[in-house]
Amino acid sequence: MLFEVRDPTSSFFASLAPVATMIASVGLAPHCPGAAWAMALTGLVGTTLFAVWGVGGLWMGDRAFEATTPILYMPTVGGGFVAAITCAAFGMKELGLLFFGAGLLSWLTLESVVIHRLILQTLPVSLRASLGRHLAPPAVACVAYLAVTDGPPDRLAQILFGYALLHALVMVRLVPWLRQQPFSPAAWAYMFGVSAFPLAALRLTERGLEGPSASLAVPLFAAANLIIGWIALRTLSLLLRGKLLPVRPL
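For the sequence shown, the working numbering gives the first residue as 5, with consecutive numbering after it.
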């Protein structure tokens, strides 16, 4: 764990801890509000502190070009959008808007940096699953925006969904290239985007939007379940064969 925090490529993975805590708090809220609120507060504080630490490190420079991957989105973009959803779930939409703004502008600035790297230097085979995190921001942004706003979906919500659709189509085009990376637990990097994309379509439909997003909601939901199920089965197979975690030499 200490090695991962210090490693420039994988250090931002630690932001998953507060993000997962916030997601769990939203699911727990209807059943155990007190514990859920404590988890939400812990996740919000943890996400904020980790984002400040991570961005501060980036601003100090000296980061290798090879370390620029979609993993950069995790503390501020993923953390900001999930924090916005969490705040809305606990009736704090005004605070949620602050987190949404931080996530949105962080995404817009970081995406140009990540795309620049992807265009100029191909990702090593071992890091290609990190592109799963590149799929997530527009879809999660759409879900977060709907969470902190009221009424029928406006143009911005539809624009975010449209950009998420573009990302999904590009990922489909890249499947042969992505599958050059042998299956490993890294495949779970796709789950955030794969699950958020149909959720965005469902939320748009629930709020009364008709048209392409409504037509795509059920097919996207079915496709997401198939993808998640396939990854879960492959992961279980690795576990049963004792190959889930690499054995590091002493």
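By construction, the Cβ of each residue, glycine as well, lies at the ideal position given by its N, Cα and C atoms.
Query: Reduced DSSP category for Q162 - H, G, I as helix; E, B as strand; rest coil; Result: helix
Query: V144 versus M96, S130, Y194, residue with shortest Cα-Cα distance; Result: Y194
Query: Exposure of P79, with buried meaning 16 or more beta-carbon neighbours within 10 Å; Result: buried
Query: Cutoff 7 Å; reference L114; Cβ partners in own chain excluding five residues on either side; Result: L76, Y77, V81
Query: Residue burial classification, I119 (beta-carbon count within 10 angstroms, cutoff 16); Result: exposed
Query: The alpha helix (DSSP H) enclosing V86, as first and last residue numbers; Result: 83-93
Query: Continuous alpha helix (DSSP H) stretch holding K247: start and end; Result: Taken as a continuous stretch (DSSP letters only), K247 belongs to no alpha helix (DSSP H), as it is neither H nor E.
Query: Sufficient close CB pairs (3 or more, under 8 Å) joining the region 133-142 to the region 160-175; Result: yes
Query: Residue range of the unbroken alpha helix (DSSP H) whose run includes P142; Result: 136-152
Query: Spatial neighbours of F7 in its chain, beta-carbon cut-off 6 Å, leaving aside the 5 residues before and after; Result: Bear in mind that a pLDDT of 43 at F7, under 50, signals an unreliable position, so the model cannot answer this.
Query: W181 classed as buried or exposed, judged by whether at least 16 other C-beta atoms fall within 10 angstroms; Result: exposed
Query: Within-8 Å CB hit, V23 to chain B; Result: The structure shown contains no chain B; it is built from a single protein chain.
Query: Cβ-Cβ separation, G47 to M26 (assumed contact under 8 Å), whole Å; Result: 3 Å
Query: Three-state class that DSSP yields for S19 in the structure shown; Result: helix
Query: Beta-carbon contacts of L224 that lie in its chain and below 7 Å, excluding the five residues immediately before and after; Result: F201, P202, A205
Query: Residue closest to L170, alpha-carbon to alpha-carbon, out of S217, P156, R207; Result: S217
Query: Same chain only: Cβ atoms within 6 Å of G31, ignoring 5 sequence neighbours per side; Result: none
Query: Residue interval of the alpha helix (DSSP H) (run including G215); Result: Looking at the DSSP string, G215 is not in any alpha helix (DSSP H), and its letter there is neither H nor E.
Query: Backbone secondary structure at P186 - three-state DSSP; Result: coil
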